[in-house]
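A.B. asks:
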Amino acid sequence: MDRQSRFSYQCNQCGLCCHAKVITLSPYDVLRIARARSIATSEAVRRYTLRRGSLLRFGEDGGCVALSGSRCTVHEGRPLACRLYPLGIERTEAGERLIRLDPEPGSRGTYGAEATAGDFIDAQGTKPYFEALETYRALIPAFRARVESIVDFERIEPRDFWRRAVVEALLESNYDPNPLIDAIFDPDGLGRARETESETIRAHVEKLAEMASREDDAERLAAAAVALAISLGYAPGEVIVGR
Ligand code: SF4
């Protein structure tokens, strides 16, 4: 489906959809969670995320760690995926595709067709999220170009190289230290003391670009490129386009 498709949804706050999910986070999602709780992004990563900041954390009972009863304690800063639910979104360099997700068994949410998917998405306060995704997206070709400048792909098989980067980016434990990935999910760490969110993001993006331009370890850089792409809603293969 797309934004013109007929769709409406009324959340009735049963909290059932806040269980047992895999929710990918962007750097902006982490920033918004942090602002909603008045904490630094590094602390938000520690409390609310897995996989170095790239996944929302769910507890042993299956519930999101931000859930209290049926209430979201970061509601003002809830991630884009939570705002879009029960729509999912797949992003490609060619555009986006919307997916209507199945209701949770027993959910009190009600589906309808009174408006369009685009109306629904706009009503969820998603505009700054999509703007931030575009701002961060500009880093992907820069990371990729830096990788290409330091790897001799005449000698190293590109698909194997990028496959290793995907595996490293998706590890939830036992991953190698990677200051670039740590920095991606810690906008305050690099963009600190900015007045506004947009200034923080701009400073963060500039610093990430600078870090990437100085990074000499191609495998670390490639894993960071893949982690960033996934966090922005792209399939890992999007980084490898053109290989
Ligand atoms: S962040 Fe909030 S809306 Fe999203 S899964 Fe957690 S409790 Fe639910």
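Residue numbers for the sequence shown follow this note's numbering, so the first one is 618 and each next one is one higher.
Don't be surprised by glycine CBs; every beta carbon is placed ideally from N, CA and C.
Whole angstroms are fine: how far does the CA of Asp619 sit from the CA of Asp736?
C.D. replies: 11 angstroms
A.B. asks: Can you grab the Cα-Cα spacing for the pair Ser622 / Leu715, in whole Å?
C.D. replies: 9 angstroms
A.B. asks: Ignoring anything shorter than 4 residues or poking outside the stretch 666 to 751, list the alpha helix (DSSP H) runs there in chain order.
C.D. replies: DSSP runs (the alpha helix (DSSP H)) wholly in the stretch 666 to 751: 697 to 701, 734 to 739.
A.B. asks: Buried or exposed, going by whether 16 or more other CB atoms sit within 10 Å of the CB of Asn795?
C.D. replies: buried
A.B. asks: Per DSSP, which residues does Tyr851 bridge with? Please list them.
C.D. replies: Arg708
A.B. asks: On the DSSP bridge assignment, give the partners of Gln630 in chain order.
C.D. replies: Gln630 pairs with nothing; no bridge assigned.
A.B. asks: Within this structure, are the beta carbons of Val764 and Ala846 separated by less than 8 angstroms?
C.D. replies: no
A.B. asks: According to the Cβ coordinates, are Arg750 and Ser643 closer than 8 angstroms?
C.D. replies: As written in the sequence, residue 750 is Leu, which differs from the Arg given in the question. In contact: Leu750 and Ser643 (Cβ atoms closer than 8 angstroms).
A.B. asks: Are Gly670 and Val647 touching if we call contact CB-CB under 8 angstroms?
C.D. replies: Yes, Cβ-Cβ distance for Gly670 and Val647 is below 8 angstroms.
A.B. asks: Going by C-alpha distance, which of Leu704, Trp779, Gly854, Glu823 is nearest Leu838?
C.D. replies: Comparing Cα positions, the closest option is Trp779.
A.B. asks: To the nearest angstrom, how far is it from the Cα of Asp771 to the Cα of Leu673?
C.D. replies: A small correction: the amino acid at residue 771 is Glu; Asp does not occupy that position in the sequence shown. Spanning the two alpha carbons is a distance of roughly 39 angstroms.
A.B. asks: Under the three-state reduction of DSSP, which class applies to Glu655: helix, strand or coil?
C.D. replies: In the sequence as presented, Glu is not what sits at residue 655; that position holds Ser. Coil.
A.B. asks: Residues in its own chain within less than 7 angstroms of Ala730 by CB, not counting five upstream and five downstream?
C.D. replies: Only Arg623, Phe624, Ser625 meet the Cβ criterion.
A.B. asks: For Asp619, name the three-state secondary structure that DSSP assigns.
C.D. replies: coil
A.B. asks: Could you tell me whether the Cβ atoms of Ala782 and Ala740 are closer together than 8 angstroms?
C.D. replies: Cβ atoms of Ala782 and Ala740: not closer than 8 angstroms.
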